[in-house]
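Numbering (this note's numbering), first residue to last: 38 to 322. From the three backbone atoms N, C-alpha and C, an ideal C-beta is built for every residue, glycine too. Since we're looking at a predicted model, the values are computed, not measured. Following: one structure in C-alpha cells, then a few remarks.
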C-alpha cells in the first residue's frame with residue numbers, strides 16, 4: 038500500500054471516471070457529516086451501538102460491539118424491539134449532501150455501493166425513475182431462504198432480475214431503512230450470509246457483472262470494524278481495480294493491513310476539501 042503523494046491531483050480524473058461509469062463509488066456513513074445541516078442519525082458503528090444501548094441495557098463486555106449488542110437485544114427483548122429501535126433511529130433522512138446530489142445527476146453511473154442504513158441516497162434520486170435498489174434481506178419473517186431484495190424507484194419490491202433494466206443500481210449490502218425497514222444488524226442476521234459470502238451468494242449478480250471491469254473509490258468509509266472489512270473485501274472480489282479510498286491519516290493497524298491486502302491506494306484528504314475537487318464543484322441541486 039502506497040499513499041498518493043498528491044491526492045488532490047487525482048480527484049478530478051477519478052471524478053471523471055465515476056461520471057463515465059468506469060469507477061464505482063463505495064459510500065460510507067462519514068459522508069452524512071457533509072450535508073448542510075446536522076445529521077440526525079449515527080454515522081458509525083460506535084455511534085449506533087451507543088444509541089441502541091442507551092435504550093436497552095446490555096452486558097458491559099459487549100457494549101462496544103454493535104453486532105453482539107443487537108443480538109443481545111434481539112434475544113432478550115425480541116426481534117420486534119430491535120426492529121423498532123433501528124426504525125426509530127434511522128426514521129429521519131439526513132440532508133442530501135453535495136456528493137449524493139452529484140451522483141444522482143450522473144446518467145452514466147451503473148452502480149453505487151451505499152454501506153449504511155440511511156435513506157439519503159434514495160432521497161437524492163427521488164426525481165429519477167430509472168434506478169432501483171438491491172439490498173440485503175434480514176430474512177426474519179420471510180418463509181424462504183432469501184439473501185437479497187430488489188426495490189424499484191417507486192419503493193415497490195420487484196423481482197431481482199428487474200435490476201438489469203435500471204440505469205443506476207444502488208446496492209445496500211447491510212440493508213436499508215427505505216422502504217422496508219429491513220436491516221442487518223444482529224449476529225444472527227449475518228450467520229448464513231457469512232457462510233455463503235465467500236462463494237458470493239449474497240452479492241447481487243448485477244454487482245458481480247458490473248465490478249468485473251471496474252475499480253472502486255471509497256468515500257466516507259472506515260475499516261476498523263471486522264464486519265465492514267469482510268463485506269468490503271467480498272464486494273471487491275474479482276473486480277478489475279484499481280481501487281482508491283479517501284481517508285484521514287489516523288488509520289488503525291487493521292485498516293492499514295486491509296488497504297495493503299486489497300491494493301487500495303489511500304488518498305489522505307478530508308471530505309470537505311475532496312468533494313469539490315472530485316465533482317468539479319458540481320454539487321448543486
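Of the listed residues the options, nearest to residue i (C-alpha basis)
i           : options            : result
residue 237 : 257, 276, 200      : 276
residue 294 : 107, 259, 229      : 259
residue 160 : 59, 176, 146, 139  : 139
residue 123 : 63, 115, 85        : 85
residue 210 : 114, 203, 202, 242 : 242
residue 235 : 257, 248, 267, 114 : 267
residue 287 : 261, 46, 108       : 261
residue 78  : 128, 54, 56        : 128
residue 154 : 58, 208, 146       : 208
residue 142 : 254, 195, 55       : 55
residue 257 : 66, 49, 47, 193    : 66
residue 244 : 227, 216, 204      : 204
residue 252 : 299, 215, 164, 216 : 299
residue 239 : 94, 186, 39, 318   : 186
residue 312 : 263, 273, 274, 255 : 255
residue 264 : 115, 227, 246, 296 : 227
Buried versus exposed call for residue i [16 or more other C-beta atoms within 10 Å across all chains shown]
i           : result
residue 190 : buried
residue 321 : Unreliable positioning characterises residue 321 in this predicted model, as indicated by a pLDDT of 48, which lies under 50. A coordinate reading is not provided.
residue 290 : exposed
residue 113 : exposed
residue 307 : exposed
residue 183 : exposed
residue 292 : buried
residue 82  : buried
residue 193 : exposed
residue 202 : exposed
residue 95  : buried
residue 167 : exposed
residue 219 : buried
Beta bridge counterpart(s) of residue i as assigned by DSSP
i           : result
residue 194 : 188
residue 213 : 219
residue 280 : 301
residue 205 : 168
residue 252 : 60
residue 149 : 207
residue 173 : 185
Residue i at chain C interface by Cβ criterion, 8 Å
i          : result
residue 80 : In the structure shown, chain C does not exist; there is a single protein chain.
Beta-carbon spacing of residue i, residue j below 8 Å
i           : j           : result
residue 316 : residue 52  : yes
residue 111 : residue 119 : yes
residue 172 : residue 212 : yes
residue 63  : residue 152 : yes
residue 61  : residue 248 : yes
residue 149 : residue 169 : no
residue 44  : residue 304 : yes
residue 69  : residue 80  : yes
residue 310 : residue 41  : no
residue 13  : residue 105 : Here the chain covers residues 38 to 322 and nothing more, so residue 13 does not appear.
residue 196 : residue 58  : no
residue 107 : residue 222 : yes
residue 206 : residue 199 : no
residue 269 : residue 215 : no
Inset, instruction - Tell me, please, whether the segment 96-108 touches the segment 270-286 by the rule of three or more beta-carbon pairs shorter than 8 Å. - result: no
Legend entry - Cβ contact (3+ pairs, closer than 8 Å) linking the segment 60-80 and the segment 130-139: yes
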